[in-house]
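Residue numbers (our numbering): 3 to 100.
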Amino acid sequence: MKIRQHPRMHGILIGDEVYCYPQHLYARVVETFPAAVCVKVAMLSINGHLELITSPQLWRADDIENLSVCRYCGTRENVRVDATTGVPFRVCTSCKPT
3 MKIRQHPRMH GILIGDEVYC YPQHLYARVV ETFPAAVCVK VAMLSINGHL ELITSPQLWR
63 ADDIENLSVC RYCGTRENVR VDATTGVPFR VCTSCKPT
């Protein structure tokens, strides 16, 4: 049986930022798989004192969007943060609405 890559995984690289729709979180990719990404999410641990720990999570390709590329055309060139939304989506200079 041949493993096929999910269509959303084609442009995702280690180090990219992705947004997870069900959890309303974004994080940096530390590992990629054919249909998922592994990210590390910072969490507060309360064991007598507050401690900030990083927890690895596996996010499905269906639930994520790559924030390191233009939201419309997928390029990595000349991308800027679109400040009109609460999520740091990126738009390139040629796709940016005027």
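No residue lacks a Cβ here, since even glycine has one placed at the ideal position from N, Cα and C. Note that the coordinates shown come from a computational prediction; the quantities given were computed from them, not determined experimentally.
Within the model, the alpha-carbon separation for C40 versus S96 is close to 31 Å.
In this structure C72 is buried. Its beta-carbon is surrounded by 16 or more other beta-carbon atoms within 10 angstroms. About 7 Å separates the Cβ atoms of V81 and V93, confirming a contact at the 8 Å cut-off. CA-to-CA, the gap between M11 and I66 works out to about 10 Å. Distances from the CA of P24 to each of K98, A63, S70 and R78 were compared; the closest alpha carbon is that of A63. In the displayed model, M45 falls within a strand according to three-state DSSP.
Sorting S57, A29 and V43 by C-alpha distance to the C-alpha of I14 places A29 at the top.
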